[in-house]
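Asker:
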Amino acid sequence: MPATRTRPVPLPSTWVSRAEAWAASFRDTRRGRMGVLAFYVVVSALIVVPVVLGPGTALSRIDEPTHADYAWQVAHGQIPYAGSVIAPEIRELWACAGQERYDLPACGSAAEAWEFPYLGQQYNFSHPPLYYAVVGLPARALDAVLPGSDFITSARLLGVGWLAGGMFVLFVALRRWRLDPMAAIVAPLLLPAFPRVLHAVTTVNPDATAVVIGAAAVWLAARILVDDHADWRVAAALAGAAGMSKTITAIPFIALGALLVFRAVRDRRVRDRASRVRELVLVGAMAAAILIPYGLWQAWQGTRGDVGWQNPLVGLNTRDVLGLPGSEWIETAFSGLNLASDYYLQPPLNVALMISWTRLLNLLVIGAVFAVIVACAKEPARRSLGWMVLAGAALYPTIVQAQAYLSTAVPQYFPSVTGRYGLALVPGVVACLVIAGWKAGYRRLIYVLVLAGAVVLGIVISNGMSVS
Numbered sequence: 001m002p003a004t005r006t007r008p009v010p011l012p013s014t015w016v017s018r019a020e021a022w023a024a025s026f027r028d029t030r031r032g033r034m035g036v037l038a039f040y041v042v043v044s045a046l047i048v049v050p051v052v053l054g055p056g057t058a059l060s061r062i063d064e065p066t067h068a069d070y071a072w073q074v075a076h077g078q079i080p081y082a083g084s085v086i087a088p089e090i091r092e093l094w095a096c097a098g099q100e101r102y103d104l105p106a107c108g109s110a111a112e113a114w115e116f117p118y119l120g121q122q123y124n125f126s127h128p129p130l131y132y133a134v135v136g137l138p139a140r141a142l143d144a145v146l147p148g149s150d151f152i153t154s155a156r157l158l159g160v161g162w163l164a165g166g167m168f169v170l171f172v173a174l175r176r177w178r179l180d181p182m183a184a185i186v187a188p189l190l191l192p193a194f195p196r197v198l199h200a201v202t203t204v205n206p207d208a209t210a211v212v213i214g215a216a217a218v219w220l221a222a223r224i225l226v227d228d229h230a231d232w233r234v235a236a237a238l239a240g241a242a243g244m245s246k247t248i249t250a251i252p253f254i255a256l257g258a259l260l261v262f263r264a265v266r267d268r269r270v271r272d273r274a275s276r277v278r279e280l281v282l283v284g285a286m287a288a289a290i291l292i293p294y295g296l297w298q299a300w301q302g303t304r305g306d307v308g309w310q311n312p313l314v315g316l317n318t319r320d321v322l323g324l325p326g327s328e329w330i331e332t333a334f335s336g337l338n339l340a341s342d343y344y345l346q347p348p349l350n351v352a353l354m355i356s357w358t359r360l361l362n363l364l365v366i367g368a369v370f371a372v373i374v375a376c377a378k379e380p381a382r383r384s385l386g387w388m389v390l391a392g393a394a395l396y397p398t399i400v401q402a403q404a405y406l407s408t409a410v411p412q413y414f415p416s417v418t419g420r421y422g423l424a425l426v427p428g429v430v431a432c433l434v435i436a437g438w439k440a441g442y443r444r445l446i447y448v449l450v451l452a453g454a455v456v457l458g459i460v461i462s463n464g465m466s467v468s
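Residue numbers for the sequence shown follow the UniProt record's numbering, so the first one is 1 and each next one is one higher.
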C-alpha cells in the first residue's frame, strides 16, 4: 500500500508573502482603483449594516436626534433656526428607537416636543448645512423605496459610503506618500477599529464627514510636501468643504496651513521666494475658504428665529469661565492626543474588549506620531506629516474652547474636550502608523494591527447583536 503524503499547512507568513507578491503586481490604474473601492464598499457594508440594524438601533446620546432632524428639515426644503423644535416625524422615531439615559414618551403616542429631553429643542441649528443636505436628500429617497426602513435608518446606512469613501481616499493618499500597494490597501482597514470612527459612520452625525475629510488632508499634504505640486484651488475646495460640513473637521487643513507658514518663515534663506509665495497663497486660499463661508453662514443663521434663545446644554458639558480664559484652557491643552481612547459607543458595543483595545491603540498612536518626527529626520516630507498631526492634536482643544468662550452670553469652557473633535486627524494617525512601522523595519506591523482590529470588531458586533 503506497504511503500517503500530506501537504504542510502554509504558515501565516507564507500567506502574507503571497499577498504581498500579488499586491506588487497591482496596477495603479482607474480599473485597479475601482477594484479597491469595490473592496472597501463590501468591507464597509459588512461593518455598518449589522451595527445599524442590530446593537446600534437606539439613538446615540451624541445629539443624534437633533442631527437627524436637521437632515430631515433640509430634505424637506427647510433649515432649522433658533427656537425651533424637532419635527414630529423624528420625535416619533426617537420615541420608538429609544436613547440611553433618557426616559422617552411611549412609541406611537404622538407626544409633544416638551415631553422629550431638553423640551425637544433643535439646538444644533448653527451647524453648516452641507452634511445634512448630502445625507438628508438621499435618505429621504432611500426611505421611500426601502421596505421596512425609516428616515433615520436610511440616513445611518449611508455610513457605508462615508466609511468606504474615507478608506479609499486614504488609500490614494498613502500611494501619494510612496507606500507600497499592499500597505496602502490594508492600512485604511484600520479606520473602523477606532471606536469614534465606528460611532460616526453608524449614526446620523456630521462627524462622519471627518473620515473622508481627514484622508483628503493627508492626500493634500502629500501633494505639497512630496510632489511639491498642489493647486491652490483644489486646496481651497477641500478646506471649504470641510468647514461647511462641520467647522472643527477643518482642523487638519488648519494644522497643514500652520505648518506651511512655519516652513516658509524657517526656510526663507534657503528656499526661493517663488515657492514660498506659492505655498503662502495656498494657505491664504484655504483660510479664506474656511472663514468666509463660515462667517457668512453665521451672519445669516444668527438673525433667524428667537434672538433671546438659550442653548439648553449650556452648563451641562461646559462651565462658566471664572478667571482668565487661559487658565481654564491650559487644563485641556494636551487632551488632543487621546484620539483613540476617548470615545463613546452605544452600550451593547462598548464592552471590556473594546476598552482594552483602544487603550493599546492610543499608546501606539502617540508613539507613531513621535516616531515619524524622530525617525524621519532625514526625510523632511514624512517628518512633516508627523508634525501636522501633532499640531492638529494641539490646536483642536483650543479651537473648541474658543468656540465655547465666544458663542454664549456668559463665557464658557469645556472641563474635558472629547476626542471626537479631533476625529479628522485619525487618517493622518493611520498614515503615521504605517510610516513608523516601515521606518523601524516592522513593515508588517500594520497587517497585525488591522487583523487585531478586525477580530475586535467582529467580537464586539457579534456580542452586540446577541444582547440587543
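Every residue gets a Cβ at the ideal spot worked out from N, C-alpha and C, and that includes glycine.
Taking the continuous alpha helix (DSSP H) assigned at C432, which residues delimit it?
Answerer: Along the sequence shown, read from residue 1 onward, the residue named residue 432 stands at position 432. Segment V426 to K439, the alpha helix (DSSP H) holding C432.
Asker: Let me check understanding here. Comparing Cα to Cα, which of V212, G148, N350 and V410 lies closest to R319?
Answerer: Locating residue 319 in the sequence shown gives position 319, where the first residue counts as 1. The shortest C-alpha separation from R319 is found at V410.
Asker: According to the Cβ coordinates, are A424 and G214 closer than 8 Å?
Answerer: Locating residue 424 in the sequence shown gives position 424, where the first residue counts as 1. Locating residue 214 in the sequence shown gives position 214, where the first residue counts as 1. Cβ atoms of A424 and G214: closer than 8 Å.
Asker: Once DSSP output is grouped into helix, strand and coil, what is the label at Y102?
Answerer: By one-based count along the sequence shown, residue 102 stands at place 102. Reduced to three states, the DSSP call for Y102 is coil.
Asker: Indicate the three-state DSSP secondary structure (helix, strand or coil) for V85 in the structure shown.
Answerer: Along the sequence shown, read from residue 1 onward, the residue named residue 85 stands at position 85. Strand, per DSSP.
Asker: I believe A210 touches V434 by the beta-carbon criterion, under 8 Å. Please report the beta-carbon distance rounded to the nearest angstrom.
Answerer: Here residue 210 corresponds to residue number 210 of the sequence shown, with the count starting at 1. Here residue 434 corresponds to residue number 434 of the sequence shown, with the count starting at 1. With 8 Å as the limit, A210 and V434 do not qualify as a contact, their Cβ atoms being about 19 Å apart.
Asker: Can you say whether Y447 is buried or exposed, counting buried as having 16 or more other CB atoms within 10 angstroms of its CB?
Answerer: Here residue 447 is taken as the residue at index 447 of the sequence shown, counted from 1. Y447 is buried by the Cβ-count criterion.
Asker: Based on DSSP bridge pairs, tell me the residues matched to L395.
Answerer: Taking the first residue of the sequence shown as position 1, residue 395 is located at position 395. The partner list for L395 (beta bridge, DSSP) is empty, contrary to what the question assumes.
Asker: What's the gap between the Cα of V85 and the Cα of A111?
Answerer: Here residue 85 is taken as the residue at index 85 of the sequence shown, counted from 1. Here residue 111 is taken as the residue at index 111 of the sequence shown, counted from 1. Whole-angstrom Cα-Cα distance: 13 Å.
Asker: Whether or not the region 232-246 and the region 152-168 are in contact is what I'm after, with contact meaning three or more pairs of Cβ atoms, one per stretch, closer than 8 Å; do they touch?
Answerer: The region 152-168 vs the region 232-246: no contact.
Asker: Among S407, A391 and P348, which has the Cα closest to the Cα of G302?
Answerer: Within the sequence shown, numbered from 1, the residue matching residue 302 stands at position 302. For G302, the nearest C-alpha among the options comes from S407.
Asker: W219: buried (16+ other C-beta within 10 angstroms of its C-beta) or exposed?
Answerer: Stepping through the sequence shown from its first residue, residue 219 is reached at position 219. With 16 or more other Cβ atoms within 10 Å, it is buried.
Asker: Any idea what DSSP makes of residue 498, helix, strand or coil?
Answerer: Since the first residue of the chain shown is 1 and the last is 468, residue 498 is not available in this structure.
Asker: For L349, which residues of its own chain have a beta-carbon under 6 Å away from its beta-carbon, when the five flanking residues on both sides are left out?
Answerer: Taking the sequence shown and counting its residues from 1, the one referred to as residue 349 is at position 349. The residues are P55, V460 and G464.
Asker: So, helix, strand or coil for L225, using DSSP?
Answerer: For the purposes of this step, residue 225 is taken as residue 225 along the sequence shown, with counting starting at 1. Three-state result, L225: helix.
Asker: Pick out whichever of P88, R30 and I62 has its Cα sitting closest to the Cα of R101.
Answerer: Start at 1 with the first residue of the sequence shown, and residue 101 comes out as number 101. That would be I62, whose Cα lies nearest to the Cα of R101.
Asker: Flag this pair as touching only if the region 145-161 and the region 172-182 have three or more C-beta atom pairs under 8 Å; answer yes or no.
Answerer: Verdict: no, contact absent.
Asker: Excluding five sequence neighbours on each side, which residues of the same chain lie with their C-beta closer than 7 Å to the C-beta of V455?
Answerer: Here the question's residue 455 lines up with position 455 in the sequence shown. Once the five neighbours on either side are set aside, V455 has no close Cβ partner at all.
Asker: Kindly give me the distance between the Cβ atoms of W177 and V226, rounded to whole angstroms, as I take these residues to be in contact under 8 Å.
Answerer: Numbered from its first residue, the sequence shown carries residue 177 at position 177. Numbered from its first residue, the sequence shown carries residue 226 at position 226. Rounded, the Cβ-Cβ distance is 6 Å, consistent with contact.
Asker: For Y421, which residues of its own chain have a beta-carbon under 6 Å away from its beta-carbon, when the five flanking residues on both sides are left out?
Answerer: Working through the sequence shown from its first residue, we reach residue 421 at position 421. These residues qualify, in order along the chain: I248, Y396 and V400.
Asker: In chain order, which alpha helix (DSSP H) runs of at least 4 residues are fully inside the region 29-97?
Answerer: Counting only runs of 4 or more, we get 30-53, 64-75 and 88-97.
Asker: Hey, out of H199, L313 and S275, whose CA is closest to D231's CA?
Answerer: Within the sequence shown, the letter at position 231 stands for residue 231. Among H199, L313 and S275, the Cα nearest to that of D231 is on S275.
Asker: So A289 packs on A217, CB below 8 Å; how close in whole Å?
Answerer: Translated into the one-based positions of the sequence shown, residue 289 becomes position 289. Translated into the one-based positions of the sequence shown, residue 217 becomes position 217. So it is not a contact: roughly 13 Å between Cβ atoms.
Asker: Is Y294 helix, strand or coil when you go by DSSP?
Answerer: Position 294 of the sequence shown, counting from 1, holds the residue named residue 294. Helix.
Asker: Tell me the rounded alpha-carbon separation between V42 and A221.
Answerer: Residue 42 sits at position 42 when you count from the first residue of the sequence shown. Residue 221 sits at position 221 when you count from the first residue of the sequence shown. The straight-line gap from Cα to Cα measures roughly 28 Å.
Asker: Going by C-alpha to C-alpha distance, which of R359, V51, S335 and R140 sits closest to V417?
Answerer: Walking along the sequence shown from the start, residue 417 turns up at place 417. Residue S335 is the option with its Cα nearest to V417.
Asker: Per DSSP, which residues does Q121 bridge with? Please list them.
Answerer: As a working mapping, residue 121 is identified with position 121 in the sequence shown. Answer is V85, bridged to Q121.
Asker: Contact criterion: CB-CB distance below 8 Å. Does S126 meet it with respect to chain C?
Answerer: Absent from the structure: chain C. Only one protein chain is present.
Asker: Taking DSSP as the reference, what is the three-state secondary structure of M1?
Answerer: The sequence position of residue 1 within the sequence shown is 1, counting from 1. In this prediction, M1 has a pLDDT of 48, which is less than 50 and means its spatial position is unreliable; what the coordinates show is noted afterwards. In the structure shown, M1 sits in coil (DSSP, three-state: anything other than H, G, I, E or B).
Asker: Going by the CB atoms, is the gap between W94 and P138 shorter than 8 Å?
Answerer: Stepping through the sequence shown from its first residue, residue 138 is reached at position 138. Stepping through the sequence shown from its first residue, residue 94 is reached at position 94. No; because the gap between Cβ atoms is not below 8 Å, this pair is not in contact.
Asker: Kindly confirm or deny that the region 201-210 and the region 254-266 touch, where touching means at least three C-beta pairs closer than 8 Å.
Answerer: At 8 Å Cβ cutoff, the stretches do not touch.
Asker: Just how far apart, CA to CA, sit Q73 and V281?
Answerer: Position 73 of the sequence shown, counted from the start, is the residue given in the question as residue 73. Position 281 of the sequence shown, counted from the start, is the residue given in the question as residue 281. Rounded to the nearest angstrom, the two C-alpha atoms are 38 Å apart.
Asker: Using CA coordinates, which residue listed in V36, L37, F116 and A87 is at the minimum distance from P312?
Answerer: Along the sequence shown, one-based indexing puts residue 312 at 312. Nearest option by C-alpha distance: F116.
Asker: May I ask you to report which of helix, strand or coil DSSP gives D267?
Answerer: Here the question's residue 267 lines up with position 267 in the sequence shown. Correct three-state label for D267: coil.
Asker: Taking the alpha-carbon positions, what's the P427 to R233 distance?
Answerer: Locating residue 427 in the sequence shown gives position 427, counting from the first residue. Locating residue 233 in the sequence shown gives position 233, counting from the first residue. Each residue's Cα considered, the two are about 22 Å apart.
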